[in-house]
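**Q** Just dropping this structure here.
Residue numbers (my numbering): 542 to 587.
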């Protein structure tokens with residue numbers, strides 16, 4: 542029983558880390574998009 546709980550908490554931590562990585566990637570790509578728009582002046586949607 543304790544093993545199952547430990548594995549469950551580990552999985553939750555891994556999911557949290559992956560979510561943070563995903564959010565960081567999304568935020569950084571948005572920043573790049575804004576820079577691109579200001580450089581070239583043509584807005585577009587990805």
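Here a beta-carbon is modelled for each residue, glycine too, at the ideal position from N, C-alpha and C.
What separation, rounded to the nearest whole angstrom, lies between the Cα atoms of residue 555 and residue 569?
**A** 21 Å
**Q** Can you grab the Cα-Cα spacing for the pair residue 564 / residue 543, in whole Å?
**A** 32 Å
**Q** Express the C-alpha separation of residue 573 and residue 559 in angstroms, rounding to a whole number.
**A** 21 Å
**Q** Taking the alpha-carbon positions, what's the residue 567 to residue 549 distance?
**A** Pairing residue 567 with residue 549, the inter-Cα distance amounts to about 27 Å.
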